[in-house]
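A.B. asks:
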Amino acid sequence: MEDTLANIKRGERCIITDVSSIHIPLKLLEMGCLPGNYVELVQVAPFHDPMYLNINGTHLAIRKETAMHILIKK
Amino acid sequence: MSKQINVALIGNPNTGKTSVFNALTGLNQKVGNYPGITVEKKEGVCKLPRGVKAHIIDLPGTYSLNASSLDENVVIELLLNKNDKDFPDIAVVVSDVENLKRNLLLYTQIKDLEIPTVLVINMADRMDYKGISLDLEYLEKHLKTKIALVSTRKNQGIERLKSLIANYKDLSISHCIDLTEIDKDYFNNLQNTFPNQLIYKLWLVITQDVNFGKTDRNEIDAVANFKTKSKNDLKRLQQKETIKRYQFINDVLKNGQTIDVAHAKDLRMKIDRIITHQFWGYVIFFIILLTIFQAIYDWSSIPMDFIDTTFASLSEWTKNQLPPGTFTSLLAEGIIPGLGGIVIFIPQIAFLFLFISVLEESGYMSRVVFLMDRIMRRFGLSGKSIVPLISGTACAIPAIMATRNIENWKERLITILVTPFITCSARLPVYLIIISLVIPEGRFIGLGYQALTLMLLYLIGFGAAVSSAYILNRVLKIKSKAFFVVEMPNYKLPLLKNVAITVLEKTKSFVFGAGKIILALSIILWFLASFGPGDNFKNAEEITTKEYANQQLSSVELQQKIASHKLEHSFIGITGRAIEPAIRPLGYDWKIGIAIVSSFAAREVFVGTLATIYSVGSDEEDTIKNRMAGEVNPVLGGPLFTFASGISLLLFYAFAMQCMSTLAIVKRETYSWKWPILQLTIMTMFAYIVALIAFQLLK
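Chains A and B, in that order, are what the protein sequence lines are.
Our numbering numbers the first residue of the first sequence as 3 and each following residue consecutively.
Our numbering numbers the first residue of the second sequence as 37 and each following residue consecutively.
So this is what it looks like as structure tokens:
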């Protein structure tokens, strides 16, 4: 099922299918946020924002508004 | 003279790059700035086998050569400028064994610049724990380099790294990827236009917005005009390039690295479940802050009292040992109390930097960024603002420099503007001495009233910072695109050596930097207090003796009267009198007025100034604190430092912008005098009004 990364639940693990490169900083791509890599939601702050993710072994936090531009497959 | 080898140490943040630097250079290092900008430049010297020396530069941590901050620009500017005197003969890329895949991205970029490169795989001691094994021979062959497997914690691999650096001429300089495979037409065309240039270098010149110095400037301008593609097209190419690099890395690691997941232990997840928890995370953060303040207050009071009394007796001793005269008086009443006013800060500053560097080194600071982002955003700040705001408790100058990690200009500007509200270590001595004078001792649920007052002052500073941020966010009309990416590094036990070096370096630079100003000011103040114009100063003795002729005064009391008469009619006394009407409604006398005025150079001057003013005109050995307690209010009678005037003074120092160095840094970071002038006027006016209200209500 296709969805955006903003909607995944804690502990859930998905595959990135597409990133909108215009809305996503290059730095995030370079840290491994690329189609085909897995992503897991480790922890969320209150209001589901920011999101603490494990992308392809890299642990990082991004804001929900950025996560909306990343498509995933469950 | 043997030739020095220029070594550039490059790596992602959180790879232990600084530990490698410390292991190579020990205390043979110096910290400076890159010319014209305030990016910290760390250099050191390392002795290699056979008498060869290596000059090592620890470049700012960066995730890639596609720079997104001023600090990262430094890295690419150096690597692209062959004429720079620091241009590396060899690049040492430091990677973390647990994040090898991501760390190798930067490695492939540097390889493509045809710079001889050694790969350091750091934190080798974590391999067993994480179930990682490496086929070094295979990796060296396919990454076309030599590898040093290093553990700075266990001091392994450093010798091998040194010998690899010494033999840098043997390293291969072949590429990792071929750019033309990404877009044949575009890159072939580029290469044909500039056949003598490296294609990856050309590509960086096109995509990066940095200074390349004067060298081959014309050619670079010509390249820059080669932007035949739109911004989005270029970005799409960069994405393709990144994917290409990861393909290369994945292919190499598939055979060169095995990770036994069943063997891997993941302590991080267990810790983070609590540390970053939606409720407990905040509780823990608050407890940590509380502990720090209680500790700083209790632990540093012992060495501080010791320093205070030592300098008082040293001054007394000098006065007794040397023949009386102008020089003795300068030494005993100007220089020694002035120096005492610097040395007294050392314990607190050292403790503060100790806590901050432990929080940074352990990886906890990133968790705070995560926890606070949403809350800070309401005030127009970013979660990343929390690092400058916490560092601001040490000193606003490094704190303002730390704002460079904030990618969004508006969030960064607001952070810079509000950081000076945070209680810095220079305010601490002022707070400590006034608190101990006007706040009673005694405890409330185990915490001292005095410690609680201090905590409250820190909270007031923080509150002022966030509320002004909130207003600025509404007022400032700046549009800038926001993005927020924070790496959450693994938890690490801080290395004692790293922490010790940080504490030593920062304390040293504070003492010498601020020390110069304080010392110079105390000599000037001594001069102004020891001399005066007119007969009133010259004939102080006669006038005073006549005035008190019909009162029965002991000779000591008479001497004191004479001294205070002299002080009143000295240059400083006259100046102080002139400004007294402005500060009297705040509950201060002219001596405090002088201390406040000189504090505009730097706040920490306050205690030193009072020490100098009180020393001049008193013969008895005494501590600064006792002298202050003995001061009498000229209008109301009774002690000068009451609860009301004390609180008023505390609040004035909490809000006023009294630090020339901070103003200079703000100017440098915002490229305009507009912002520092705004800070100075608004903050100081606000401080005056609040102190006025406080005194009038409490008196």
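Glycine included, every Cβ here is placed at the ideal spot set by N, Cα and C.
Just to confirm the assignment, what range does the beta strand (DSSP E) spanning A127(B) have?
C.D. replies: The residue you call residue 127(B) lines up with position 91 of the second sequence. 126-132 is the extent of the beta strand (DSSP E) around A127(B).
A.B. asks: Return helix, strand or coil for S566(B), following the three-state DSSP convention.
C.D. replies: Taking the second sequence and counting its residues from 1, the one referred to as residue 566(B) is at position 530. In this structure, S566(B) counts as helix in the three-state DSSP scheme.
A.B. asks: When DSSP labels each residue in this structure, what does V633(B) get in the three-state scheme?
C.D. replies: Here residue 633(B) is taken as the residue at index 597 of the second sequence, counted from 1. Residue state, collapsed to three classes: helix.
A.B. asks: Check the DSSP bridge columns for D20(A) and list the partner residues they point to.
C.D. replies: Taking the first sequence and counting its residues from 1, the one referred to as residue 20(A) is at position 18. DSSP lists L73(A) as partners of D20(A).
A.B. asks: Quick check: the Cα distance between K528(B) and A63(A), rounded to an integer number of angstroms?
C.D. replies: By 1-based counting over the second sequence, the position of residue 528(B) is 492. By 1-based counting over the first sequence, the position of residue 63(A) is 61. Approximately 19 Å between the Cα atoms of the pair.
A.B. asks: Please confirm whether Q383(B) has its beta-carbon closer than 9 Å to some beta-carbon of chain A.
C.D. replies: In the second sequence, the residue the question calls residue 383(B) occupies position 347. The sequence shown places Pro at residue 383(B), not Gln. Answer no: the Cβ-Cβ gap between P383(B) and chain A never drops below 9 Å.
A.B. asks: Quick check on DSSP: helix, strand or coil for F381(B)?
C.D. replies: The residue you call residue 381(B) lines up with position 345 of the second sequence. Residue state, collapsed to three classes: coil.
A.B. asks: Kindly list the residues whose CB is nearer than 6 Å to the CB of L30(A), restricted to its own chain and excluding five residues on each side of it in sequence; keep chain order.
C.D. replies: Within the first sequence, residue 30(A) is the residue found at index 28, counting from 1. Excluding positions up to five away in sequence, the list is empty.
A.B. asks: Does I74(A) have its Cβ less than 9 Å from a Cβ in chain B?
C.D. replies: In the first sequence, residue 74(A) corresponds to position 72, counting from 1. No, its Cβ sits nowhere closer than 9 Å to a Cβ of chain B.
A.B. asks: Find out if the Cβ-Cβ distance for the pair A127(B), I157(B) is shorter than 9 Å.
C.D. replies: As a working mapping, residue 127(B) is identified with position 91 in the second sequence. As a working mapping, residue 157(B) is identified with position 121 in the second sequence. Result no, Cβ atoms of A127(B) and I157(B) do not sit closer than 9 Å.
A.B. asks: Kindly list, in the order they appear in chain A, the residues whose Cβ is closer than 7 Å to that of Y99(B).
C.D. replies: Here residue 99(B) refers to the residue found at position 63 when the second sequence is read from its first residue. Within 7 Å Cβ-Cβ: K29, E32, M33.
A.B. asks: Interface residues of chain A around F520(B) at Cβ under 8 Å?
C.D. replies: Taking the first residue of the second sequence as 1, we reach residue 520(B) at position 484. Those are P52, A63, I64, R65, T68, listed as they occur along chain A.
A.B. asks: Between V44(A) and chain B, is there a C-beta pair that is closer than 9 Å?
C.D. replies: Translated into the one-based positions of the first sequence, residue 44(A) becomes position 42. Yes, its Cβ sits closer than 9 Å to a Cβ of chain B.
A.B. asks: Kindly say whether H313(B), judged by its beta-carbon, lies nearer than 9 Å to any beta-carbon of chain A.
C.D. replies: Here residue 313(B) refers to the residue found at position 277 when the second sequence is read from its first residue. So, interface residue.
A.B. asks: Looking at the unbroken alpha helix (DSSP H) that takes in H178(B), where does it start and where does it end?
C.D. replies: The count along the second sequence starts at 1 and reaches residue 178(B) at position 142. That run of the alpha helix (DSSP H) goes 172-179.
A.B. asks: Cutting at 7 Å between CB atoms, please list the residues of its own chain near K533(B), excluding the five before and the five after it.
C.D. replies: By one-based count along the second sequence, residue 533(B) stands at place 497. Excluding positions up to five away in sequence, the list reads N58.
A.B. asks: Please give me, in chain order, every unbroken run of the alpha helix (DSSP H) with length at least 4 that falls completely inside the stretch 475-548 of chain B.
C.D. replies: Listed in chain order, they are 485-511.
A.B. asks: Under 8 Å, with one C-beta from each stretch per pair, do the stretch 537-557 of chain B and the stretch 628-645 of chain B reach the 3-pair mark?
C.D. replies: yes
A.B. asks: Could you compute how far the alpha carbon of L473(B) sits from the alpha carbon of F322(B)?
C.D. replies: Start at 1 with the first residue of the second sequence, and residue 473(B) comes out as number 437. Start at 1 with the first residue of the second sequence, and residue 322(B) comes out as number 286. For L473(B) and F322(B), the distance between alpha carbons rounds to 28 Å.
A.B. asks: Whole angstroms are fine: how far does the CA of K276(B) sit from the CA of V133(B)?
C.D. replies: Here residue 133(B) corresponds to residue number 97 of the second sequence, with the count starting at 1. Here residue 276(B) corresponds to residue number 240 of the second sequence, with the count starting at 1. Their backbone Cα atoms lie some 26 Å apart in a straight line.
A.B. asks: Closest to L738(B) by C-alpha separation, out of M159(B), V111(B), F722(B), would be which residue?
C.D. replies: Residue 738(B) lies beyond the range of chain B shown here (37 to 735); nothing can be said about it.
A.B. asks: For Q275(B), does the three-state DSSP call read helix, strand or coil?
C.D. replies: Locating residue 275(B) in the second sequence gives position 239, counting from the first residue. Looking at Q275(B) - three-state DSSP - the assignment turns out to be helix.
A.B. asks: Taking R86(B) as the reference, which of N117(B), K39(B), E76(B) has the closest Cα?
C.D. replies: For this step, residue 86(B) is matched to residue 50 along the second sequence. Comparing Cα positions, the closest option is K39(B).
A.B. asks: Would you kindly work out how many angstroms separate the C-alpha atoms of P96(B) and P49(B), rounded to a whole number?
C.D. replies: Walking along the second sequence from the start, residue 96(B) turns up at place 60. Walking along the second sequence from the start, residue 49(B) turns up at place 13. Approximately 8 Å, taken between the alpha carbons.
A.B. asks: With K137(B) as the anchor, note down where its alpha helix (DSSP H) starts and where it stops.
C.D. replies: Start at 1 with the first residue of the second sequence, and residue 137(B) comes out as number 101. Following the DSSP letters along the chain, one finds K137(B) inside the alpha helix (DSSP H) bounded by residues 136-147.
A.B. asks: Is the Cβ of I9(A) closer than 9 Å to any Cβ of chain B?
C.D. replies: The count along the first sequence starts at 1 and reaches residue 9(A) at position 7. Note on identity: in this sequence residue 9(A) is Asn, with Ile being the wrong assignment. Taking Cβ atoms only, chain B never reaches closer than 9 Å to N9(A), which makes this a no.
A.B. asks: At a Cβ cut of 8 Å, what residues of the stretch 276-293 of chain B count as close to chain A, listed as they run along the chain?
C.D. replies: T278, I279, Y282
A.B. asks: Terminal residues of the continuous alpha helix (DSSP H) containing Q314(B)?
C.D. replies: Counting from one through the second sequence, the residue named residue 314(B) turns up at place 278. Neither: Q314(B) is in no alpha helix (DSSP H) and is coded neither H nor E.
A.B. asks: Is the distance from the Cβ of T188(B) to the Cβ of T153(B) below 9 Å?
C.D. replies: Within the second sequence, numbered from 1, the residue matching residue 188(B) stands at position 152. Within the second sequence, numbered from 1, the residue matching residue 153(B) stands at position 117. No, Cβ-Cβ distance for T188(B) and T153(B) is not below 9 Å.
A.B. asks: Give the interface partners of S22(A) over in chain B, defined as CB-CB distance under 8 Å, in chain order.
C.D. replies: Along the first sequence, read from residue 1 onward, the residue named residue 22(A) stands at position 20. None at all; the shortest Cβ gap to chain B is about 11 Å.
A.B. asks: Answer with buried or exposed for G374(B), where buried requires no fewer than 16 other C-beta atoms within 10 angstroms of its C-beta.
C.D. replies: For the purposes of this step, residue 374(B) is taken as residue 338 along the second sequence, with counting starting at 1. Result: buried.
A.B. asks: According to DSSP, is P712(B) helix, strand or coil?
C.D. replies: The residue given as residue 712(B) occupies position 676 in the second sequence. It is helical.
A.B. asks: Can you confirm whether L24(B), when its beta carbon is compared against all beta carbons of chain A, has any partner nearer than 9 Å?
C.D. replies: With chain B covering 37 to 735 only, the question about residue 24(B) has no answer from this structure.
A.B. asks: If you draw a straight line from the alpha carbon of T451(B) to that of G499(B), how long is it in whole angstroms?
C.D. replies: Here residue 451(B) refers to the residue found at position 415 when the second sequence is read from its first residue. Here residue 499(B) refers to the residue found at position 463 when the second sequence is read from its first residue. Each residue's Cα considered, the two are about 13 Å apart.
A.B. asks: So which of T229(B), D161(B), I183(B), R162(B) has the shortest CA-CA distance to D171(B)?
C.D. replies: Within the second sequence, residue 171(B) is the residue found at index 135, counting from 1. D171(B) has its Cα closest to that of I183(B), out of T229(B), D161(B), I183(B), R162(B).
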